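Below you'll find the structure, written out as structure tokens, and then a few comments.
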Amino acid sequence: QVQLVESGGDLVQAGGSLRLSCVVSGTIFSIYNMAWYRQAPGKLRELVATITSGGTTTYADSVKGRFTISRVNTKNTVYLQMNDLKPEDTAVYYCNAVKQPSRDFWGQGTQVTVSS
Numbered sequence: 034q035v036q037l038v039e040s041g042g043d044l045v046q047a048g049g050s051l052r053l054s055c056v057v058s059g060t061i062f063s064i065y066n067m068a069w070y071r072q073a074p075g076k077l078r079e080l081v082a083t084i085t086s087g088g089t090t091t092y093a094d095s096v097k098g099r100f101t102i103s104r105v106n107t108k109n110t111v112y113l114q115m116n117d118l119k120p121e122d123t124a125v126y127y128c129n130a131v132k133q134p135s136r137d138f139w140g141q142g143t144q145v146t147v148s149s
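Quick note, in the numbering used here, the sequence shown goes up one by one and the last residue is 149.
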């Protein structure tokens, strides 16, 4: 079965950096469009960044210039480099793999906490 396993979440001070990783198994990683979402307590899950199978990226306005999404197909891994972290970045971060029309998979999430 398809599995997505995130790692890299931690407690960090404002202004610090973290790199999240998501390893995908059980499928052909390179054909999937990948994304990172986040969900803060009491809030809806929001899209943070996407990267297509071809490498095209998009970002939420709130993270542009601070976060970078990337992928290494030979490692079945997608990354989220997060710099200049702010307290409002505190959330559980989720990895998502999508292949239209019907393949949509999620990881279990990794906690990122940014202290002020």
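For glycine and all other residues, C-beta sits at the position ideal for the given N, C-alpha and C. Here the structure is a predicted model, which is why all the values come from computation and not from measurement.
- Beyond the five residues adjoining it in sequence on each side, residue 93 comes within less than 8 angstroms, by CB distance, of 79, 80, 81 and 82 in the same chain, given in chain order.
- Closest in C-alpha terms to residue 60, from the list 116, 108 and 121, comes 108.
- At a cut-off of 3 residues, the continuous stretches assigned as beta strand (DSSP E) that sit fully inside the stretch 67-105 are 79-84, 90-92 and 100-105.
- Cβ-Cβ separation between residue 129 and residue 73: approximately 17 angstroms, too far for a contact (criterion under 8 angstroms).
- Less than 7 angstroms divides the Cβ of residue 138 from the Cβ of residue 37.
- In this structure, the straight-line span from the alpha carbon of residue 126 to that of residue 145 is close to 7 angstroms.
- When beta bridges are read from the DSSP output, residue 126 appears opposite 71 and 143.
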